Amino acid sequence: MTGQTLYDKLWQNHLVEQRDDGSALIYIDRHLLHEVTSPQAFEGLRLAGRQPWRRDANLAVPDHNVPTEQRERSGGVQAIADPVSRLQVQTLDDNCRDFDIVEITINDARQGIVHVVGPEQGATLPGMTVVCGDSHTSTHGALGALAHGIGTSEVEHVLATQCLVQQKMKNMLVRIDGALQSGVTAKDVALAIIGDIGTAGGTGHAIEFGGEVVRAMSMEGRMTLCNMSIEAGARMGMVAVDETTLDYVKGRTYAPTGQMWDRAVSAWRELHSDPDARFERIVELRGEDIEPQVTWGTSPEMVVPVGGRVPDPAAIDNDSKRHAVIRALQYMGLEAGMPVTGIHLDRVFIGSCTNSRIEDLRAAAAVVKGRRVAASLKQALVVPGSGKVKQQAEAEGLDRIFLDAGMEWREPGCSMCLAMNADKLGAGEHCASTSNRNFEGRQGFGGRTHLVSPAMAAAAAVAGHFVDVRDW
Amino acid sequence: MKKFTVMQGLVAPMDRANVDTDLIIPKQFLKSIKRSGFGPNLFDELRYLDEGQPGQDCSQRPLNPDFPLNQPRYRGASVLLARENFGCGSSREHAPWALEDYGFRCIVAPSYADIFYNNCFKNGLLPVVLDAQVVEELFEQVYASEGYALTIDLENQRVQTPDGECYGFEVDAFRKHRLLHGLDDIGLTLESAAAIRAYEERAREQSPWLFDAIR
Numbered sequence: 007m008t009g010q011t012l013y014d015k016l017w018q019n020h021l022v023e024q025r026d027d028g029s030a031l032i033y034i035d036r037h038l039l040h041e042v043t044s045p046q047a048f049e050g051l052r053l054a055g056r057q058p059w060r061r062d063a064n065l066a067v068p069d070h071n072v073p074t075e076q077r078e079r080s081g082g083v084q085a086i087a088d089p090v091s092r093l094q095v096q097t098l099d100d101n102c103r104d105f106d107i108v109e110i111t112i113n114d115a116r117q118g119i120v121h122v123v124g125p126e127q128g129a130t131l132p133g134m135t136v137v138c139g140d141s142h143t144s145t146h147g148a149l150g151a152l153a154h155g156i157g158t159s160e161v162e163h164v165l166a167t168q169c170l171v172q173q174k175m176k177n178m179l180v181r182i183d184g185a186l187q188s189g190v191t192a193k194d195v196a197l198a199i200i201g202d203i204g205t206a207g208g209t210g211h212a213i214e215f216g217g218e219v220v221r222a223m224s225m226e227g228r229m230t231l232c233n234m235s236i237e238a239g240a241r242m243g244m245v246a247v248d249e250t251t252l253d254y255v256k257g258r259t260y261a262p263t264g265q266m267w268d269r270a271v272s273a274w275r276e277l278h279s280d281p282d283a284r285f286e287r288i289v290e291l292r293g294e295d296i297e298p299q300v301t302w303g304t305s306p307e308m309v310v311p312v313g314g315r316v317p318d319p320a321a322i323d324n325d326s327k328r329h330a331v332i333r334a335l336q337y338m339g340l341e342a343g344m345p346v347t348g349i350h351l352d353r354v355f356i357g358s359c360t361n362s363r364i365e366d367l368r369a370a371a372a373v374v375k376g377r378r379v380a381a382s383l384k385q386a387l388v389v390p391g392s393g394k395v396k397q398q399a400e401a402e403g404l405d406r407i408f409l410d411a412g413m414e415w416r417e418p419g420c421s422m423c424l425a426m427n428a429d430k431l432g433a434g435e436h437c438a439s440t441s442n443r444n445f446e447g448r449q450g451f452g453g454r455t456h457l458v459s460p461a462m463a464a465a466a467a468v469a470g471h472f473v474d475v476r477d478w
Numbered sequence: 033m034k035k036f037t038v039m040q041g042l043v044a045p046m047d048r049a050n051v052d053t054d055l056i057i058p059k060q061f062l063k064s065i066k067r068s069g070f071g072p073n074l075f076d077e078l079r080y081l082d083e084g085q086p087g088q089d090c091s092q093r094p095l096n097p098d099f100p101l102n103q104p105r106y107r108g109a110s111v112l113l114a115r116e117n118f119g120c121g122s123s124r125e126h127a128p129w130a131l132e133d134y135g136f137r138c139i140v141a142p143s144y145a146d147i148f149y150n151n152c153f154k155n156g157l158l159p160v161v162l163d164a165q166v167v168e169e170l171f172e173q174v175y176a177s178e179g180y181a182l183t184i185d186l187e188n189q190r191v192q193t194p195d196g197e198c199y200g201f202e203v204d205a206f207r208k209h210r211l212l213h214g215l216d217d218i219g220l221t222l223e224s225a226a227a228i229r230a231y232e233e234r235a236r237e238q239s240p241w242l243f244d245a246i247r
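Residue numbers (my numbering), protein chains in the order written: chain A, 7 to 478; chain B, 33 to 247.
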């Protein structure tokens, strides 16, 4: 018998029932909820007269709609200025109260982006199945968990049954060997992979990230990498458990302790692909070859190294690709063939479930320390991923560095990544953003997003345009 | 859930690859706590010339005349013809809700993003996968003849063009069964309640830390 991949093991461990029609019932250990994709699910339970199967497997936190401006935030739910946002956050509070589900509420010190909070609290652990009504749930795969986003019907399904009807995905290995250059981060690796395989490259697959570069990455870096699996088309990305994982998990609020910790660790040490495991697809990159990345277009695969140029549609043979490039250039207001360092920036956003952890903020602070953001910039926003990250950053004095540089230091939340709150781009504005999607209108109607790493965003804030952070 | 058996419907073209769910339904409309009413804001940023707000009367907004759904020949369309990787990005089920609320019952494309594909089946919406070359031909036919309609037969897994050409498509047996009969997923899973409890007992024995309560 050939060996199993990490994904095979996680799947097998959670198989409740294999059915003749090719589907399987998979048990869900942890269900995370937020305010945007859950109200209709709770309403469904009410209409059918159903109760949650296992209340204490759920954890809720509002993040998408919450204001990040201190004055508005300090008044709690009732002070949210936008009445539609306020109702949605209030509805999460009401539903969690009615169904007896633990919620980390808006002004709790532990509040933050659900994908930052889960691992930080130890609510997501190695070996778990983790789901949430949000595509960036793939983040939690960094812990050696099987984690993916679901729709609202499935949120209701998990609440009611603690299971999901699933079909097994194919196995894909993305192996990055060698070492990264100084100034190149997990975000650049993620963008380089997407640039290589495309936004549909991982469709139908569960991705495992491996190789020397991944083994050398911190948990924060691994979370960034797994977070963007969905931008490569894969619902889930994961990394095998090692000492880095165990060191990260130990001592967290919901992590096991004492003898139970030892038992868990011996089980977690099995969470890696066997040497003879088979992958349907293997993609290999060399760490040394990866440069700092900048997206120029309206899909994460429209990406080039910082020294690169915006493509010229005239040089593209494929009709569909050429049309997509023409449309993207038009939307982004860019000239074919121009260097990406020539793009003028209006705003900078450092935050989101991709890049708002302490390591990300340290990297950005190291770049702006003792400098000022360019006078041409309208705004440079730093939004920590959680209250805990914010506390840690303030203890290290990072907030002072950002404020002294002329940046804004905000309260935790999803913020300008998807602009459901007041933080958004104006029409035509270019933004260097550490978030995950550069889709049309994503950060505001007519807004133009360029995805980069935190260090690249910080350097761009100082220069007013993109610069190679390796030369910093 | 609505059943899907056989339908014949007017086809509207969505002629671009990698249509993401942000484009299908922009984030400001996700603030709704309801499951219905998203139709008027389907493809909001392509369909209207101004920035849409939740709760607005869309009949007063300036339309983008170049967008197919605003053209009289596509009025009443119930089949959307699309390109590869349709529905990529955010997991928002508001995307199939908006398509369904507008009046679409079927999408035909060469490929879909996984989460979107799965969400469609929960809402009586059938995402048909056809070969890219076939989809290309269908686009040409749609543009060439006004009133172009396709017949989609889920039972026989077949798409038929107005001139009688037939194309077979694949669909997973369990998804097909549920959609054909309009079955309630949760009700079906709860028939396995004993198996779920037996699993929990085994897993609790083996990995008790997975059952530590969130409190």
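We treat Cβ as the ideally placed atom computed from N, Cα and C, and that holds for glycine.
Note that the structure is a prediction, hence the values are computed from the model and not measured.
7 angstroms CB neighbourhood of residue i in its chain, flanking five on each side removed
i, result
"A/Gly208", "Met178, Ser235, Ala238, Gly239, Ala240"
"A/Ala196", "Thr230, Leu231, Met234"
"B/Ala235", "Leu242"
"B/Asn102", "Arg79, Leu95, Asn96"
"A/Gly217", "Arg181, Ile182, Asp183"
"A/Met308", "Thr301, Trp302, Ala334"
Contact under 8 angstroms by Cβ, residue i with residue j
i, j, result
"A/His436", "A/Arg454", "yes"
"A/Arg541", "A/Gly189", "The structure shown does not extend to residue 541 of chain A, since chain A spans only 7 to 478, so no value can be given for it."
"B/Leu211", "B/Leu186", "yes"
"B/Pro45", "B/Leu113", "yes"
"A/Asn259", "A/Gln127", "What sits at residue 259 of chain A in the sequence shown is Thr, not Asn. Yes, these two residues count as a Cβ contact at 8 angstroms."
"A/Val247", "A/Val220", "no"
"A/Ala380", "A/Val468", "yes"
"A/Val395", "A/Leu367", "yes"
"B/Gly41", "B/Asp133", "no"
Close Cβ partners of residue i (< 8 angstroms) along its chain, the five nearest in sequence each way excluded
i, result
"B/Asp82", "Arg93, Pro94"
Cut-off 6 angstroms between Cβ atoms - residues of its own chain near residue i, not counting five sequence neighbours on either side
i, result
"A/Arg275", "none"
"A/Ile356", "Ala370, Val388, Thr440, Pro460, Ala463"
"B/Lys135", "A small correction: the amino acid at residue 135 of chain B is Gly; Lys does not occupy that position in the sequence shown. Result list for B/Gly135: Ser110, in chain order."
"A/Cys102", "Ala66, Glu109"
"B/Val38", "Asp185"
"A/Arg315", "Gly343, Pro345"
"B/Asn50", "Asn117, Cys120"
"A/Val123", "Val67, Ser392"
Where residue i falls, given that 16 or more other Cβ within 10 Å makes a residue buried
i, result
"A/Tyr254", "buried"
"A/Arg77", "exposed"
"A/Pro460", "buried"
"B/His213", "exposed"
"B/Ile147", "buried"
"A/Gly434", "exposed"
"A/Gly339", "exposed"
"A/Asn427", "buried"
"A/Asp325", "exposed"
"A/Gln46", "buried"
"A/Gln168", "buried"
"A/Ala261", "buried"
"B/Lys66", "exposed"
"A/Gly150", "buried"
Below 8 angstroms, how does it come out for the stretch 131-141 of chain A and the stretch 38-54 of chain A: are there three or more Cβ pairs, yes or no? yes
Is it the case that the stretch 157-176 of chain A contacts the stretch 376-395 of chain A, given that we only count it when at least three CB pairs across the two stretches are under 8 angstroms? no
Closer than 7 angstroms, Cβ to Cβ, to anything on chain B: give me those residues from the stretch 419-447 of chain A, in chain order. Leu424, Ala425, Met426, Arg443, Phe445, Glu446, Gly447
Specify whether the stretch 61-78 of chain A and the stretch 112-128 of chain A touch according to this definition: at least 3 beta carbon pairs, one from each stretch, less than 8 angstroms apart. yes
Along the stretch 398-414 of chain A, what residues have a CB closer than 7 angstroms to any CB found in chain B? none
Contacting positions in the stretch 96-126 of chain B - beta carbon closer than 9 angstroms to chain A: Arg115, Glu116, Asn117, Cys120, Gly121, Ser122, Ser123, Arg124, Glu125, His126
Touching or not, the stretch 124-134 of chain B and the stretch 43-59 of chain B, by the rule of three or more beta carbon pairs under 8 angstroms? yes
Three or more beta-carbon pairs under 8 angstroms between the stretch 342-362 of chain A and the stretch 71-89 of chain B, yes or no? no
Sufficient close CB pairs (3 or more, under 8 angstroms) joining the stretch 194-203 of chain B to the stretch 158-174 of chain B: yes
Short-range partners of chain A found in the stretch 132-146 of chain B, where Cβ spacing is below 9 angstroms: Ser143, Tyr144, Ala145, Asp146
Quick one: which residues of the stretch 219-244 of chain A get their C-beta closer than 7 angstroms to a C-beta of chain B? List them in chain order. Gly239, Arg241
Any C-beta of chain A within less than 7 angstroms: which residues of the stretch 216-233 of chain B qualify? Asp217, Ile218, Thr221, Leu222, Ser224, Ala227, Ile228, Tyr231
The stretch 292-300 of chain A / the stretch 24-35 of chain A touching (three or more Cβ pairs under 8 angstroms): no
In the stretch 175-206 of chain B, which residues sit with their C-beta less than 8 angstroms from some C-beta in chain A, listed in chain order? Asp204, Ala205, Phe206
Interface positions of the stretch 314-327 of chain A facing chain B (Cβ-Cβ less than 9 angstroms), listed along the chain: Ser326, Lys327
Short-range partners of chain A found in the stretch 49-69 of chain B, where Cβ spacing is below 9 angstroms: Ala49, Asn50, Asp52, Thr53, Asp54, Leu55, Pro58, Lys59, Gln60, Leu62, Lys63, Ser64, Ile65, Lys66, Arg67
By the 8 angstroms beta-carbon criterion, what residues does the stretch 374-389 of chain A contribute toward chain B? none
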